[in-house]
Structure formats: C-alpha cells, structure tokens
Amino acid sequence: MEQKIMKNLWIATELFYPEETSTSFILTKIANRLSGKYNVKVICGDPVYDKQNRSESFVLNSNVFVHRIKGFAGNKNSLLSRSLRFIFLSLSIFFYLWKNVKKGEKVFIVTNPAPLILLISILKKIKKIELVILVHDVFPENTIPAGIIKSEKALPYKLLRSIFDKAYSNADVLITLGRDMQKVIRGKIRKYNSTSKIEIIENWGDIESIYPMSKQEVFHDDSPIKNKIIFQYAGNIGRVQGLLELLQVIKKVNNERLVFYFVGEGAVKQSMIEYVQDNQMKNVYFDGGYSREDQLSVLNKADVSFVSLAPKMFGLGVPSKTYNILAAGKPILYIGEKNSEIDLLVREENIGYSFQHFEKEKLLDFFNSFDENSITDLKLKKEKARQIAETKFSEKIILNKFYNII
C-alpha cells in the first residue's frame, strides 16, 4: 500500500520544549498531536530551563523536527532587553522560513513575540502560505493595562494598532481562547473585510495528573489552616492580577472560618507581605513558587481558587490556570470584567463566584456571610468543576479541536 505523503506544518514560536512555561507546554502538546497529520517543523528560540526539574510526563515526539535560533537571553526584567530579543528572534525566524517554506504550506504561530505577527503576515503575501495564528495575547491592546503605553489616544498606540490589525486580518485562521477574545479580534479585522475564520479553542486541564484530593493528603497534621475554608491564589504574583487591592478587602474580613493563601512569586509579593504585617492580618498566609509537578498538591490545598484579570483586560487574555483548577475539582472565585470568558464560564456552569473589580463591598459581604449553607453549596460546585474539566476541557478534547481546525 502506497504511503500517504504528509504536508509540512511549520510552527514558529519563542518558547518550545523542553521549556515548561504555559505557552511552550501547550505548543509542544499541539505539535505532538498534529505530527500524525503533518510533517511538523518547529522554529523556536534557545531553551533556558532547569534540566533537573523537567517533568517526566512532558515529552516531545521523535518525529517533530526542531530548529533552534541561537540568540541572546537578555534581561527578562528589562523592557528594552526583552524588546530587542523579540525583534532579533522574529527576524531570525522570518528569514529561516523565507528560505525554507514552500508555497501552499501552513505556518502556525502564537502571538508572542508580537513582531513575528507582522513578519509572517508579510511572508504570507510573498510566499502564498496558509497562516494560522493562535491568539494568546492581543497586541497592542495588552500594552494599556500593563502600563507600557499610557493611553489609547497616544500616536504610537494608534500606529501600532493599525499595523497589527492589518496583520491579523491577513491570517487564514485566527484561534482565540474565549468568546470575549473572539469579539475583540472580530472588531480588529472588521474594517479590512477580512475572510479570516475566527475559531475558539480553550486551554485544557490536565485531568490525568491533576485530580481532587482531600486536605488530609496534602497538609501536614499540624498545619494551622487545614481545617479552615481556604481561598487560594496560586501563580504569578504580579501587578496585573490586582492582588494588593484584594488584600484591602481581605483586611476587613471578620469571618473566622476563612483564610487566604497566596502561593507563588512575583513583583508585588514583598509589598503584599509588608501590607499584611503592617496591618497585623492573621488570616493571610504565603508560600513560595512551585513547579508543574507540584500543581497537584498545591491546587488541592484550596477550597476555592482565585482567578483574576486586571481592569481593561476584556478579551485580551484567558488565564490558562483556570482549567487545571477545574481538574482539581476547585470552584473559582473570579475577579474581572463581566462577560469575559471566565465570568461566563463560572456563571453558566455554576462552578464558582464572579465579581467585578469595583464590587469591593459585594465581595466583602460574600466573605463575611460565608456560612454552613455556603459550605454545602461549595461541595456541589467542587463536583461540578471536576465534571466540567472531564467533559469539556480535557487535553484530548481540546487537542482534537486543533487537529480538526488546522
């Protein structure tokens, strides 16, 4: 029987296996799944990772070809250094594809680094390729809530938006993470009468490695918080999560059933610790960073898990950790804009609670009135969370969506 010749699929990205960041992990899994349909060829940056901590369950199929661009790591805390790295990497990927990609082949990119969107959009016109963009971040709109550009009225912002909107409109397929993001992307490309398909493929939860466990299994016997109702934030403790503002609400909580547990590292952690100490808050606890391998025990220390997105982030991102929280069977307390993807998910599926940033008094009332009836309702929400992870957001279900769309 004659063997079917598979077409090439080029994946261009800054981060890829063996990095274990969210973007790298997702793209590696997608590459593995699509390697049964295409000859998958990946062009990416050099890895910067700790070989000692690599997860044994995270592997790359042997038939996925990887070409790594040699470059400089730069200083990740410097905006200028990061920008120069992104530009260098984007140009290097562009010229590599220019030399190697053929007419009619598919190129699949993610929206980071942002300059790559412009360059591959140009390459599409020159080489007549099919372009698929996975939208994780919406540039330049995401520069406003991050404080990089101060105003939408600023000339640099208007110029960048016009250029990038045109680049997005050149894609054959735009894959978004949620309904809010789909709406934003549709608005960006509408004026160009684009024929781009705009699809929604959510992130997935790792339902095999992450599953519900009892507190007895994850806490030491002498833990001071084991028998409390634990509201947990786990992840990057950064500026855009609004966690300092959350502490201002927690300071007023007088419900002794509850404690608040922040796990991770980030730019505002020290400020949070100082705020808690200055205000002698006895209901707030901190813990350090954790690896992907630690997620099972970390997530299972929660009764309710915080997910937050900064104001003005509507349609600009969907926190990927949401789906592993559901895999652990934990209800979500979402703080973000109404009708954003996680707000819709929480309310439609009855898997948690949702508040907008300005609803501070409403949030405080929720905490202070959390009683025995709330605990009974919480048990039902925990069961529903795991059920939704299994039936809608498993790795197999989500990767099959990529397989069918790309």
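My numbering applies: residue 340 is where the sequence shown begins, and numbers increase by one.
A virtual CB, placed ideally from N, CA and C, is assigned to each residue, including glycine.
The criterion of a C-beta distance shorter than 9 Å is not satisfied by Gly544 and Asn689. Taking every protein chain shown into account, the CB of Tyr572 has 16 or more other CB atoms within 10 angstroms, so this residue is buried. The criterion of a C-beta distance shorter than 9 Å is satisfied by Leu655 and Asn481. A residue is called buried once 16 or more other Cβ atoms fall within 10 Å of its Cβ, and His406, having fewer, is exposed. Among the bridge pairs identified by DSSP, Arg407 is matched with Cys383. With the rule of 3 Cβ pairs closer than 8 Å, the stretch 520 to 531 does not count as touching the stretch 618 to 632. Scanning the stretch 491 to 564 from its first residue to its last, the whole beta strand (DSSP E) runs of 3-plus residues come out as 512 to 515 and 536 to 539. Leu354 sits in coil when the DSSP states are folded into three classes, being neither helix nor strand. Here His559 is exposed: its Cβ has fewer than 16 other Cβ atoms, across all protein chains shown, within 10 Å. An exposed status is given to Lys718, since fewer than 16 other beta-carbon atoms sit within 10 Å of its beta-carbon.
The criterion of a C-beta distance shorter than 9 Å is satisfied by Leu583 and Tyr614.
Contact between Ile502 and Leu457 holds, since their C-beta atoms are separated by about 7 Å, short of 8 Å. At least 9 Å separates the beta-carbon of Phe447 from that of Leu419. Within the same chain, no Cβ atom closer than 7 Å to the Cβ of Glu698 is found once the five residues on either side in sequence are excluded. Looking at the DSSP output, Ile569 shares a beta bridge with Val598. Sequence-distant Cβ neighbours of Gly410 in its own chain, meaning closer than 8 Å and more than five residues away, are Gly384, Asp385, Arg424, Phe427, Leu428 and Ser431.
Distance between Ser713 and Gly675, taken at the CA atoms: about 22 Å.
When beta bridges are read from the DSSP output, Gly691 appears opposite Ile671.
Between Ala641 and Tyr550, the gap from beta carbon to beta carbon reaches 9 Å or more. Collapsing the DSSP output to three states places Phe447 in a strand. Nearest Cα to Phe478 within the set Leu499, Ser490 and Leu470: Leu499.
If you compare the alpha carbons of Glu680, Phe706 and Lys701 with that of Val643, the shortest gap goes to Phe706. By the beta-carbon neighbour count (other beta carbons within 10 angstroms, threshold 16), Glu359 is buried. Excluding its 5 nearest sequence neighbours in each direction, Asn451 has C-beta neighbours in its own chain below 7 Å: Glu353, Thr362, His475 and Asp476, listed in chain order. A straight line joining the alpha-carbon of Tyr629 with that of Lys442 spans about 44 Å. Positions of the alpha helix (DSSP H) runs, each at least 4 residues long and wholly inside the stretch 590 to 661, are given as 608 to 617 and 634 to 638 in order along the chain. In the structure shown, Ser431 falls within a helical segment according to DSSP collapsed to helix, strand and coil. CA-to-CA, the gap between Lys669 and Lys721 works out to about 5 Å. Beta-bridge annotation (DSSP): Val471 is paired with Phe447 and Val512. When Gly603, Glu632, Phe653 and Gly375 are compared, the shortest CA-CA separation from Tyr624 is found for Gly603.
Straight across, the Cα-Cα distance linking Asn347 with Gly375 is about 11 Å. Secondary structure of Leu348 (DSSP, three-state): strand. Residue burial annotation: Ala370 is buried, with at least 16 other C-beta atoms found within 10 angstroms of its C-beta.
Only exposed fits Asn593, as fewer than 16 other CB atoms lie within 10 angstroms of its CB. In the DSSP assignment, the residues bridged to Ser733 are Gly544.
About 5 Å separates the CB atoms of Tyr673 and Ile681; that is less than 8 Å, so the two are in contact.
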